[in-house]
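Notes for the one structure printed next.
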Amino acid sequence: VMSPVNIQELMYHNLPADYMEILKWAGEKALSMGAKVYAAGGIVRDLLLGIECLDIDLVVEGDGIELARAISKEHQGRLREHNQFGTAKILFPDGRQVDVTTSRTEFYQYPAAMPQVEASSLHQDLYRRDFTINAMAVSINKESFGDVVDYFGGREDLERGLIRVLHNLSFVEDPVRILRAVRFEQRYYMSLESHTLKLAREAMHNNMLARVSTERIWEELKHVFLEPRPGLVLARFMELQLWPSLFPGVEPEKVRPVLDKITRSLRTLRYWNVVEPSEIWMIYFLAVLHFSDWTVASEVCRRYHLSKRQTNKVAAALGGWRSILKKLQEPFGVTMSELARQVKSVPGEIYPLILCYLTGNSVKKRFRHVLNAVFYNKPQINGKDLRLLGYEPGKQYKRAMEALWQARLDGVICNRQEEMNYVKKYLVNFEGAKDNV
Ligand code: ATP
């Protein structure tokens, strides 16, 4: 057992000043209300790890809603109350948020055959959480500000790098915790504690994940896809034989090599200044599905209720990457404009995957060149020039600019004057064609 610790100092160093201000104020306000208040969960874990954490989760022994009202009023936040649960969310103008929960004082039935201990409501609140490293709190009460509350050995597990559940029925109570355990394990380069791993295997063996709604699984998967290193989490899922439950029909071995490379590819694309795709999670979703037939892939899309727009995007990406890859690897007789047009026609979320498959510097350089063309090689003339020529922007104008873009990429056109001539000729031909109709 580790000796008690106070992390006030650490909080001053690692939390933004305005957050500290709010925590101090909340502690004093709670005192005047006869309540106690703690910051719990991820914030303690991340403070002890020295990692930035911007979500604050307050647990109140007392009237949480009333305290939340006071905090939001004093600090210009917007308040969202969920009275039936005794919880509230305070949203600040800078986008940060503070969650406030009322720890329940009514009799709490412990899961498993634990001795019934006379426990504080904070203890009860923390006992409901997933892992020891997530089940710590820090007092923000005036007289004990910064004291860490650690009933389950979270600090020791943090130091030893262990993900440990609080009791034997944890994964049965909520099988999504199996996925969360792996996510935290890989995020912090930790390990599943051996008994916890055994419990997880048992729960998987009993097919517990099948009892969870696909909505909740998808919510967790999206969390995974937005981790700093989703490939590691997905690979560990594979190792633990979770893939059949998560992505039915997908053959894991085929996509395994990509999982190790994809994050680096994404970083390379950022370094190349390629415009960031809008749905980062989809990069990893595509990595999972890229080797599967559309029957399998579309079934996975359906399973997780992707929208029609998202499903179409997945289909476009999965239908287009192979041909692009081939043209990049065997460019003989392929024009630059043709390559650029194809690359432009698939969603940007598939670019990292394409890069994963490119070997050799010259091929990668070609891809970079093509992407540069797609995003930055714009004609020098624009709509204003066309209007000066007497043409109004419209469908035809767009087509002319598209044709010009391609002609430039193929090196047919080199300067502004040539661009003007090209577009003029294009539009005149079009007018001529119209007159002939
Ligand atoms: P991050 O937001 O960095 O992924 P976090 O710990 O803040 O990590 P959240 O999912 O926001 O993760 O959860 C907040 C806290 O709520 C956790 O620290 C954990 O204690 C608790 N928690 C979340 N989900 C569960 C769950 N399924 N079972 C038990 N406790 C949970």
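The UniProt record's numbering applies: residue 444 is where the sequence shown begins, and numbers increase by one. Idealized CB from N, CA, C, for every residue including glycine. These numbers come from a predicted model, not from an experiment.
Exposed or buried, what is residue i when buried is set at 16 or more other beta-carbons lying within 10 Å of its beta-carbon?
i, result
"Ser735", "buried"
"Phe550", "Only weak support exists for where Phe550 lies, its pLDDT of 47 falling under 50; the value from the coordinates is given anyway. Exposed, because fewer than 16 other Cβ atoms sit within 10 Å of the Cβ of Phe550."
"residue 427", "Outside the displayed range of the chain (444 to 880) lies residue 427, so it cannot be described from this structure."
"Phe728", "buried"
"Cys799", "buried"
"Val743", "buried"
"Leu669", "exposed"
"Leu461", "With the sequence shown as reference, residue 461 is identified as Asp, and Leu is not the correct amino acid for it. That one is exposed."
"Asp537", "exposed"
"Ser515", "buried"
"Val676", "buried"
"Glu658", "exposed"
"Leu829", "buried"
"Glu862", "buried"
"Thr639", "buried"
Does the distance from the C-beta atom of residue i to that of residue j stay below 8 angstroms?
i, j, result
"Leu601", "Ser634", "no"
"Ser587", "Leu565", "no"
"Ala850", "Tyr834", "no"
"Phe614", "Met651", "yes"
"Thr530", "Gly507", "yes"
"Ala469", "Leu510", "yes"
"Ile705", "Pro790", "no"
"Val698", "Phe818", "no"
"Asn584", "Val480", "yes"
"Trp737", "Leu761", "yes"
"Val757", "Gly692", "no"
"Arg809", "Pro836", "no"
"Leu749", "Ile726", "no"
"Ile450", "Val541", "no"
"Glu517", "Ala478", "no"
"Arg623", "Glu682", "no"
"Asp568", "Val502", "yes"
When the Cα atoms are used, what is the spatial distance from residue i to residue j?
i, j, result
"Arg626", "Val731", "16 angstroms"
"Ser637", "Ala643", "10 angstroms"
"Val777", "Arg811", "16 angstroms"
"Leu612", "Ile621", "12 angstroms"
"Pro459", "Val592", "22 angstroms"
"Glu722", "Arg765", "21 angstroms"
"Tyr570", "Leu609", "7 angstroms"
"Glu616", "Arg572", "11 angstroms"
"Asp500", "Tyr632", "24 angstroms"
"residue 881", "Val655", "Absent from the structure is residue 881, since the part of the chain shown begins at 444 and ends at 880."
"Leu702", "Lys867", "49 angstroms"
"Arg842", "Arg745", "36 angstroms"
"Lys472", "Gln527", "23 angstroms"
"Glu628", "Pro447", "25 angstroms"
"Met557", "Phe595", "Any reading at Met557 must be qualified, since the residue scores a pLDDT of 47, below 50, and its modelled position is unreliable; no value is offered."
"Gly854", "Val806", "20 angstroms"
"Gln753", "His648", "33 angstroms"
"Ser563", "Ile576", "19 angstroms"
"Leu852", "Leu814", "12 angstroms"
"Met779", "Val667", "37 angstroms"
"Asn457", "Ile856", "56 angstroms"
"Asp498", "Thr544", "14 angstroms"
"Asn755", "Leu689", "21 angstroms"
"Leu491", "Gln785", "49 angstroms"
"Glu845", "Pro720", "22 angstroms"
"Gly803", "His733", "22 angstroms"
"Gly763", "Ala816", "18 angstroms"
"Ser788", "Pro695", "28 angstroms"
DSSP state of residue i, grouped into three classes?
i, result
"residue 887", "Here the chain has residues from 444 to 880 only, and residue 887 is not among them."
"Ile606", "strand"
"Arg842", "helix"
"Ala483", "strand"
"Asp828", "helix"
"Asn577", "helix"
"Lys532", "strand"
"Thr778", "coil"
"Ser563", "coil"
"Val866", "helix"
"His733", "coil"
"Asp500", "strand"
"His525", "strand"
"Asp703", "helix"
"Asp461", "helix"
"Asp568", "helix"
"residue 937", "Coverage of the chain is limited to positions 444 through 880, which leaves residue 937 absent and any answer about it impossible."
"Leu847", "helix"
"Gln823", "coil"
"Val619", "helix"
Query raised in the report: Which residues have a Cβ closer than 5 angstroms to any heavy atom of the ligand ATP, listed in chain order?
Result: Gly484, Gly485, Arg572, Asp573, Asn577, Asp617
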